[in-house]
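Some notes on the structure that comes next.
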Amino acid sequence: MVKLNGEEVEWKKAPNFENNVQRKIIWKDEESGALFALMKIPKGTLIEDLPHCHPKSGQITFHLSGEAVFPDGSKLSIGKDDYRFSYCPKGEMHGHLKKGSKILEDIIYLHYWDGSDEWGE
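The sequence shown begins at 10 in the numbering used here and counts up one residue at a time.
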(Lines of atoms letter the chains of each structure in order from A; the text may use other names.)
(Lines give C-alpha, C1' and ligand atoms only; values in the text may rest on other atoms or scores of the structure.)
Protein backbone atom coordinates (compact mmCIF):
# COMPACT_ATOMS: atom_id res chain seq x y z
CA MET A 10 0.00 0.00 0.00
CA VAL A 11 1.22 3.50 -0.84
CA LYS A 12 0.32 6.34 1.50
CA LEU A 13 1.11 9.98 0.90
CA ASN A 14 0.89 12.96 3.25
CA GLY A 15 0.69 16.19 1.25
CA GLU A 16 2.73 18.16 3.78
CA GLU A 17 5.64 15.71 3.49
CA VAL A 18 5.89 15.40 -0.30
CA GLU A 19 9.44 15.62 -1.63
CA TRP A 20 8.89 17.34 -4.97
CA LYS A 21 11.24 16.86 -7.93
CA LYS A 22 11.30 18.76 -11.21
CA ALA A 23 9.02 17.01 -13.68
CA PRO A 24 10.75 16.03 -16.92
CA ASN A 25 9.34 17.22 -20.26
CA PHE A 26 8.22 20.57 -18.82
CA GLU A 27 10.07 23.80 -19.62
CA ASN A 28 9.19 25.55 -16.37
CA ASN A 29 8.97 24.73 -12.67
CA VAL A 30 6.33 21.97 -12.83
CA GLN A 31 7.09 19.46 -10.07
CA ARG A 32 6.01 15.91 -9.35
CA LYS A 33 6.10 13.04 -6.91
CA ILE A 34 5.86 9.58 -8.45
CA ILE A 35 3.34 7.58 -6.47
CA TRP A 36 3.46 4.38 -8.51
CA LYS A 37 5.17 3.17 -11.66
CA ASP A 38 4.87 -0.10 -13.56
CA GLU A 39 8.42 -0.78 -14.73
CA GLU A 40 7.25 -3.21 -17.42
CA SER A 41 4.62 -1.06 -19.17
CA GLY A 42 5.88 2.37 -18.13
CA ALA A 43 2.46 3.32 -16.72
CA LEU A 44 2.86 6.07 -14.16
CA PHE A 45 0.74 7.65 -11.43
CA ALA A 46 2.09 10.95 -10.09
CA LEU A 47 1.10 13.88 -7.92
CA MET A 48 1.89 17.09 -9.80
CA LYS A 49 2.37 20.68 -8.67
CA ILE A 50 2.65 23.97 -10.53
CA PRO A 51 3.91 26.46 -7.92
CA LYS A 52 2.37 29.85 -7.23
CA GLY A 53 3.92 32.57 -9.39
CA THR A 54 4.83 30.26 -12.27
CA LEU A 55 4.21 31.60 -15.77
CA ILE A 56 3.15 28.65 -17.86
CA GLU A 57 2.30 27.74 -21.42
CA ASP A 58 0.94 24.33 -22.43
CA LEU A 59 1.32 24.01 -26.18
CA PRO A 60 -0.85 21.55 -28.10
CA HIS A 61 0.75 18.11 -27.95
CA CYS A 62 -0.12 14.42 -27.74
CA HIS A 63 1.17 11.32 -26.01
CA PRO A 64 1.60 8.71 -28.75
CA LYS A 65 2.22 5.79 -26.37
CA SER A 66 -0.25 6.43 -23.56
CA GLY A 67 -3.61 7.83 -22.56
CA GLN A 68 -3.60 10.52 -19.88
CA ILE A 69 -5.99 10.95 -16.98
CA THR A 70 -5.87 14.17 -14.94
CA PHE A 71 -7.71 14.95 -11.72
CA HIS A 72 -7.20 18.55 -10.55
CA LEU A 73 -7.43 18.92 -6.78
CA SER A 74 -6.69 22.58 -6.00
CA GLY A 75 -5.21 25.82 -7.24
CA GLU A 76 -5.90 28.99 -9.15
CA ALA A 77 -4.66 30.49 -12.42
CA VAL A 78 -5.32 33.58 -14.51
CA PHE A 79 -5.12 33.53 -18.31
CA PRO A 80 -3.93 36.26 -20.70
CA ASP A 81 -7.53 37.22 -21.51
CA GLY A 82 -8.20 37.87 -17.80
CA SER A 83 -10.34 34.77 -17.21
CA LYS A 84 -9.58 32.68 -14.11
CA LEU A 85 -9.54 29.02 -13.21
CA SER A 86 -10.28 28.21 -9.57
CA ILE A 87 -10.14 24.64 -8.32
CA GLY A 88 -11.05 23.84 -4.75
CA LYS A 89 -13.48 22.23 -2.40
CA ASP A 90 -16.55 21.03 -4.34
CA ASP A 91 -15.02 22.09 -7.68
CA TYR A 92 -12.60 19.35 -8.69
CA ARG A 93 -11.82 18.79 -12.37
CA PHE A 94 -11.30 15.54 -14.26
CA SER A 95 -10.12 14.99 -17.81
CA TYR A 96 -9.20 12.01 -19.96
CA CYS A 97 -7.17 12.27 -23.13
CA PRO A 98 -6.88 9.08 -25.22
CA LYS A 99 -3.56 7.96 -26.61
CA GLY A 100 -2.52 10.11 -29.58
CA GLU A 101 -5.18 12.82 -29.10
CA MET A 102 -4.01 16.43 -29.22
CA HIS A 103 -4.46 18.51 -26.07
CA GLY A 104 -2.84 21.47 -24.32
CA HIS A 105 -4.64 24.74 -23.88
CA LEU A 106 -2.75 27.10 -21.60
CA LYS A 107 -1.72 30.17 -23.57
CA LYS A 108 1.61 31.91 -23.09
CA GLY A 109 1.39 34.25 -20.13
CA SER A 110 -0.93 32.11 -18.02
CA LYS A 111 0.02 32.73 -14.38
CA ILE A 112 -0.46 30.46 -11.40
CA LEU A 113 -2.01 32.45 -8.52
CA GLU A 114 -2.15 29.56 -6.02
CA ASP A 115 -0.28 26.25 -6.28
CA ILE A 116 -2.10 23.95 -8.69
CA ILE A 117 -2.08 20.37 -7.41
CA TYR A 118 -3.28 17.51 -9.59
CA LEU A 119 -2.98 13.76 -10.09
CA HIS A 120 -1.77 12.44 -13.43
CA TYR A 121 -2.00 8.87 -14.66
CA TRP A 122 -0.40 7.74 -17.91
CA ASP A 123 -1.56 4.24 -18.89
CA GLY A 124 1.60 3.43 -20.84
CA SER A 125 5.11 4.64 -21.48
CA ASP A 126 5.58 8.08 -22.90
CA GLU A 127 9.12 8.64 -21.71
CA TRP A 128 7.86 10.43 -18.61
CA GLY A 129 10.11 8.36 -16.36
CA GLU A 130 12.87 9.67 -14.14
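The C-beta atom is built at its ideal place from N, Cα and C for all residues, glycine as well.
Those residues which DSSP pairs with residue i across a bridge
| i | result |
| --- | --- |
| W36 | F45 |
| G75 | I87 |
| C97 | Q68 |
| K22 | Q31 |
Residue i and residue j closer than 7 Å at C-beta
| i | j | result |
| --- | --- | --- |
| G42 | G124 | yes |
| P64 | G100 | yes |
| V11 | K33 | no |
Of the listed residues the options, nearest to residue i (C-alpha basis)
| i | options | result |
| --- | --- | --- |
| S134 | P64, H61, G100, L113 | Residue numbering for the chain in the displayed model covers 10 to 130; residue 134 lies beyond these limits and cannot be assessed. |
| K21 | I50, K89, W122 | I50 |
| L59 | V11, G67, M102, L119 | M102 |
| L85 | K37, S95, S110, Y96 | S110 |
| V78 | I69, L55, E39 | L55 |
| P98 | D81, K89, E40, H61 | H61 |
| I69 | D90, A46, P24, I116 | A46 |
| K89 | K12, I117, K37, L44 | I117 |
| W122 | D115, V11, E39 | E39 |
| S66 | M48, K12, Y96 | Y96 |
| H120 | L13, E27, M48, V30 | M48 |
| L13 | F26, P80, E76, I35 | I35 |
Cβ shell of residue i (< 6 Å), same chain only, five flanking positions each side left out
| i | result |
| --- | --- |
| K108 | E57 |
Same chain, Cβ closer than 7 Å to residue i, five either side skipped, listed in chain order
| i | result |
| --- | --- |
| I93 | It should be pointed out that residue 93 corresponds to Arg in this sequence rather than to Ile. So the list reads H72, I87, once near-sequence residues are dropped. |
| G53 | I112 |
Residue-chain proximity (residue i, chain B), Cβ-Cβ < 7 Å
| i | result |
| --- | --- |
| K84 | Absence of chain B from the displayed structure is noted, only one protein chain being present. |
Spatial neighbours of residue i in its chain, beta-carbon cut-off 8 Å, leaving aside the 5 residues before and after
| i | result |
| --- | --- |
| G129 | Low confidence applies to G129: its pLDDT is 44, below 50, so where it sits in the model is not reliable enough to give any reading. |
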